[in-house]
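Quick note, the sequences are listed as chains G and C, same order.
Counting along the first sequence from 1, when you hit position 159 you're at 159 in the UniProt record's numbering, and nothing is skipped either side.
Counting along the second sequence from 1, when you hit position 202 you're at 202 in the UniProt record's numbering, and nothing is skipped either side.
Below is one structure, written out as C-alpha cells; the observations come after it.
2 protein chains.
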Amino acid sequence: MSQLNPLKVGLLGFGVVGSGTWNVLTRNAEEIARRAGRHIEIVRIATRTPAKAINVVGAAVPVDNDLMTVVNDPDIDIVVELIGGTTLAKELVLKAIENGKHVVTANKALLAMHGNEIFAAASNKKVIVAFEAAVAGGIPIIKSVREGLTANRIQWLAGIINGTTNFILTEMREKGLPFADVLKKAQELGYAEADPTFDIEGVDAAHKLAILASIAFGIPVQFDKVYVEGISHLAQEDVVAADRLGYRIKLLGLAIRREKGIELRVHPCLVPKNKLIANVEGAMNAVVVKGDAIGETLYYGAGAGSEPTASAVVADLVDVTRLHTADPENRVPHLAFQADALADYPILPIEEVISSYYLRLGVEDRPGVMADIAKVLASHQISISSMIQDNKGENQASIIFLTHNAKEGDVLAAIKQIEGLDFVRSAITHLRMENLS
Amino acid sequence: MSQLNPLKVGLLGFGVVGSGTWNVLTRNAEEIARRAGRHIEIVRIATRTPAKAINVVGAAVPVDNDLMTVVNDPDIDIVVELIGGTTLAKELVLKAIENGKHVVTANKALLAMHGNEIFAAASNKKVIVAFEAAVAGGIPIIKSVREGLTANRIQWLAGIINGTTNFILTEMREKGLPFADVLKKAQELGYAEADPTFDIEGVDAAHKLAILASIAFGIPVQFDKVYVEGISHLAQEDVVAADRLGYRIKLLGLAIRREKGIELRVHPCLVPKNKLIANVEGAMNAVVVKGDAIGETLYYGAGAGSEPTASAVVADLVDVTRLHTADPENRVPHLAFQADALADYPILPIEEVISSYYLRLGVEDRPGVMADIAKVLASHQISISSMIQDNKGENQASIIFLTHNAKEGDVLAAIKQIEGLDFVRSAITHLRMENLS
C-alpha cells in the first residue's frame, strides 16, 4: 500500500455519533486504509463532557472541552462536527472553513438553515463540506443522488427520512394503539427524545428534505419554504381505515417537480401497500428517487443510530481523503450542481400542491347526504375515486371519500363548505395520498 | 458556469444501451452540464450497423463501422464500450487503455472474465475504467458499495441481479404457470433472449456477482469460482409450497464472508416474504448489502433496459469528467480497494457452504417414514426446523423438510442416503433458504 501520511481528523462531539465514529474508525482501521490508500486518524477530540470520551479513548488521543482549539489546530486536516445545534456549530464550521480545513458534518438542522452560507464560504476557501450523515443516516443517499443519478432530470423523490415517526406509525398499525401511547413507548425505548417535537411534528424530516431537494433539482437549500405537518394529530381510526383500503400511512418528505415550480412538503401520506416503500417498517429509512432515464430507484437502511450514522461520516472522510488534492474545479459540487448553475424554480405554496386525498367525516345517517357532499366536491373540480360509508349506530355514519388528483386549495375550500352543511357532525380529516408512480 | 472544453466521447455500439446513451446525453445535455461543469459530447460513433445509428443521430456526428478507428482517434478522451462480447470488446478496451483513453463499459461478461487484466492495464496507464452499468443497470450499486460503504467491513451481500429470471419467477408465482410457459411469454415480450441460457442458467448473475464480491471484500474478480445454478429446473410445485410456508423463491447472487473464506453462489433461494427483497417483482433488480457498521442496506431499481442502463453509463462519464484531472493515486480504486491491498481469501467450494435447506420428496405413505428420514438427517448433523406432509392419495405422500443451518456437503450426503431408502418414490428436490439477517 502507498505510504502517504495519515489524514488527521479533529472530532467535535463525542455523543452517539461521535463515539460511533471513533469505534468504526478504530475497529476497521485496516479495512478502511486498504480502500483509502492511507490511514485516517482522529488526533484530537473536543467535547463538553470529556470524561465520557476519555473513558473510551484512554490516553490514545488528547481530549478536552475547548471546541475552538480543535478548529484552530494547524495540524488538523479535517474537522468532524458532531455536536449538533445551529449556533455554536455554525460558528465552529465557519471558522474551520476560514482556517482552510475540510469539514464533515451530520448536522441537518445546520445545513437546512445555514447551508447556502456555509457552502459559499467553503467554495470560496476551496475546501469540502461533506454531509452524507445528515440525511437518512448511513444510507448513501446524498452520494447516490448527487453522483449516481447525474444523467437524469429528476422528477420527484419521496422519503421516509425520520425513523422515530416511522417507528410510531408501524406500532400504531401493528399493535392497534393510539399515537400518545406509542410515543410514550418510543421514548422509553430511546427511539424518541424527551422533547419529541422536532421528530413528531416533521421538522427533522423537513430539514433533510430541504437538503435532498436541493441536490435533486439544483436549487438552493430552502427549509423555510417546506410545508410541514407531523403525525401527532393522526387518529388510530385513520391508520386502520387506510389499511382496509390497501394503504399504509407513512410520514413522507416529498419533493416534486411540476410545470410551475417545485412542491416541498412533509406530511403523513397514504401509500399503496404494494409499493416497496410502504413496507419499510420500524425505525428504518428509505428514499425513492424517480429520474427520467433511470425510472424509480429506492435506497433503504438505518436512518439513525451510532454506527450507521458513523458509517456515513467515515465514508465522507474517505471521500475527502481522495478529493482533497484534486483540482477544486473538478470536485463534486456541494449541492450536486455547479454553484453558479443553481436554478430559481419557485417553491409552490401548499394551496397549489396537487395530490389525491383521503377525506373522513362524521355525518347524520340520512338519505341525500352523499349526494350533497358529492355536489360540493364537484363544484370545486374534485372528482371522487371511491367512497365507503360505515354506520355507527344512533343515526350516525362515518364516510370516507378518496379523490382523484386535485389542487389542495380547492380541497380546502370544499372542506370548509362541507363542514358547514347541517348534517355534518365532525371536522373533516384530510390526508394526502401518493401513488408514487 | 465554467467554460471548460467539452469532454469528447467515442461510442462503440449503438444497440439498446448505445442508443439510450445518445438519447439521454442529448435530451439532458443542459442538466448534465449544470452538474458536471462542462459539456459531454459524443463526437464519433462506430457500430456494425451504421444505418440504424445514422437514422437517429443524423449528420450531427460521424458514424461508421470501423470500431478500431474510434479507439485510435487522438481527439477522443473517453471510449464507451457497448458492443458486448468478450473477444473484440477486450481487444478494443485494451487498445483504448494503451492509447491513454479512459473507458466506460457496461460489459459484465468482459469484466467478470478479464477484469483483473483490464484493471491492471488501466492502473498502469493511469486511466479510469468505469463500469457502473455492468451490474444492476441504472442502480448506483458499484458507487454505493465502493464509495458509500467504505467505513464497513462488509459481511455479505445478496442480489436479485438478473431481471429476466426475476420476471419469470414472479409470473410463475402470480399466474401459477410452469417455467417453460413463462419463458416463452418472456421471450415474446422481449424480456428473454432467443437463446436464454445465460440468463436462466444464472451465468449473467454470476458475472455480476463476481464483480460485486470483488469490490465488497477487496478480492480479485473470480468468476470461475462462482457456484452457479439456474432456475430452469424449478418446479411450479416448489414455488407454490414456498409461498404457503411464508417464502418467495428468488434467484439470488450471494457473497458471504465466513471465517474460512468467501462463499460465492448463484441459485434459486427461499427468502422470507417479510424481507423487502422478497417483494422485488417483475424485471426489477435489488441488492442488499450488510456491513458491520451500517447494518442492512438495500438498493432497488431497473436492472436493464435502454435508458436505465444509459443512466449508469452517463453517470460514469460525469465521474470521469471529474476525476480525470485528479492525481491517479487519489482516485477511487477500480475494485474499491487499493490494487496492492487485495486479499487472497479462499473461495469456498459448494460442499463447504452453510445454508438452511428446503427438501421435498415423494414417499410411500406408511408409518415410520418420517422417523427413518429424520434419523438419516440427524446422522449427518442436520437438524429439522419444520416439516409438512401432504397425502397425495394411492398411498403416496409428499414431504417437505425445512432444516436449520447445515453444511451443503452433509446435506448432499444425506440426500443420497435418503434416496436409497426403499419407501422413497422420487429424487429429492433441494433448495437453499436464506433469512438474510
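Every residue, glycine too, gets a C-beta built ideally from N, C-alpha and C.
It should be emphasised that the depicted structure is a prediction, and the values quoted were computed from it without experimental measurement.
Considering only the alpha carbon of each residue, which of the options lies closest to residue i?
i: C/V287; options: C/S306, C/Q396, C/I160; result: C/I160
i: G/I354; options: G/Q381, G/I78, G/D77; result: G/Q381
i: G/I168; options: G/G202, G/A371, G/P50; result: G/G202
i: C/A36; options: G/F179, G/D224, G/L94, G/H334; result: G/H334
i: C/G148; options: C/A180, C/P178, C/L298, C/T197; result: C/L298
i: G/F131; options: G/N124, G/P140, G/K125; result: G/P140
i: G/N152; options: C/T21, C/Q338, C/N28; result: C/N28
i: G/D422; options: G/E394, G/L431, G/G368, G/V16; result: G/G368
i: C/V228; options: C/R425, C/C269, C/Y357; result: C/C269
i: C/D340; options: C/I97, C/A120, C/G20, C/I40; result: C/A120
i: G/L402; options: G/I384, G/Q417, G/S123; result: G/I384
Enumerate in chain order the residues of its own chain whose CB-to-CB distance from residue i is below 6 Å, with the five nearest sequence positions on each side excluded.
i: G/I83; result: L12, G13, A89
i: G/P308; result: G137, G138, A302
i: G/D390; result: S398
i: residue 465 of chain G; result: Nothing can be reported for residue 465 of chain G: it is not among the residues displayed for chain G, which extend from 1 to 437.
With a threshold of 8 Å between beta carbons, is residue i in contact with chain G?
i: C/A255; result: no
i: C/Q236; result: no
i: C/Q381; result: no
i: C/D390; result: no
i: C/R322; result: yes
i: C/G218; result: yes
i: residue 438 of chain C; result: Because chain C spans 1 through 437 in this model, residue 438 of chain C falls outside it and cannot be assessed.
i: C/K250; result: no
i: C/P74; result: no
i: C/S355; result: no
i: C/S144; result: yes
Kindly list, in the order they appear in chain G, the residues whose Cβ is closer than 7 Å to that of residue i.
i: C/V318; result: T150
i: C/I139; result: T297
Consider the Cβ of residue i: report whether some Cβ of chain C lies at a distance smaller than 8 Å.
i: G/N405; result: no
i: G/N124; result: no
i: G/S214; result: no
i: G/I32; result: yes
i: G/V332; result: yes
For the beta strand (DSSP E) containing residue i, name the first residue and the last one.
i: G/G291; result: 284 to 291
i: G/G10; result: 7 to 12
i: C/D390; result: 384 to 393
i: G/Q396; result: 396 to 403
i: G/R432; result: 429 to 433
i: G/I118; result: Careful: G/I118 lies outside any beta strand (DSSP E), inside the alpha helix (DSSP H) at 108 to 124.
i: C/L298; result: 295 to 302
i: C/R44; result: 40 to 46
What does residue i reach in chain G if we use C-beta pairs closer than 9 Å?
i: C/L436; result: Correct list: empty, because the minimum Cβ distance to chain G is about 13 Å.
i: C/T165; result: Neighbours of C/T165 on chain G: none; closest Cβ ~19 Å, over 9 Å.
i: C/I118; result: The premise fails here: C/I118 is roughly 20 Å from chain G at the closest Cβ pair, so nothing lies under 9 Å.
Residue i touches chain G at which residues, Cβ-Cβ below 8 Å?
i: C/T69; result: Chain G residues near C/T69: none, gap ~27 Å exceeds 8 Å.
i: C/A336; result: R35
With hydrogens ignored, establish whether the beta-carbon of residue i is closer than 7 Å to any heavy atom of the ligand COA.
i: C/K225; result: With respect to small molecules bound, the structure shown includes none, and the ligand COA cannot be examined in it.
So which residues on chain C does residue i lean against when the C-beta distance must stay under 7 Å?
i: G/V24; result: A151, A293
i: G/S398; result: Correct list: empty, because the minimum Cβ distance to chain C is about 31 Å.
i: G/Y299; result: Y299
i: G/G58; result: In chain order: nothing, as chain C lies at least about 21 Å away.
i: G/N55; result: Residues of chain C passing the Cβ test: none, with the nearest at roughly 21 Å.
Please list, in chain order, all residues of the same chain as residue i whose beta carbon is under 8 Å from its beta carbon, the five residues on each side excluded.
i: C/A414; result: V376, L377, S379, H380, I382
i: C/S2; result: Summary for C/S2: the model assigns pLDDT 49, below 50, so the residue's position carries little reliability; its value from the coordinates is reported in the next sentence. These residues qualify, in order along the chain: G37, R38.
i: G/I262; result: A213, F217, I219, A255, I256, Y345, P346, I347, L348
Can you find the residues in the same chain that come closer than 7 Å, C-beta to C-beta, to residue i, ignoring five residues on each side of it along the sequence?
i: G/N65; result: A46, T47, R48, P50
i: C/V70; result: G10, L12, R44, A46, I76, V79
I need the boundaries of the alpha helix (DSSP H) containing residue i, first residue and last residue.
i: C/K260; result: Careful: C/K260 lies outside any alpha helix (DSSP H) and carries neither H nor E.
i: G/G84; result: First-last for G/G84: undefined, no H or E at that position.
i: C/H207; result: 203 to 217
i: G/L317; result: 306 to 323
i: G/R173; result: 163 to 175
What does residue i reach in chain C if we use C-beta pairs closer than 8 Å?
i: G/T105; result: Per Cβ cutoff of 8 Å: no residues; G/T105 is ~16 Å from chain C at best.
i: G/S311; result: L149, A151, N152, G291, A293, I294
i: residue 439 of chain G; result: The question about residue 439 of chain G has no answer here: the residues shown for chain G are numbered 1 through 437.
Would you mind telling me which residues of chain C sit closer than 9 Å to residue i, beta carbon to beta carbon, in chain order?
i: residue 449 of chain G; result: The displayed coordinates of chain G run from 1 to 437. Any statement about residue 449 of chain G would go beyond what the structure contains.
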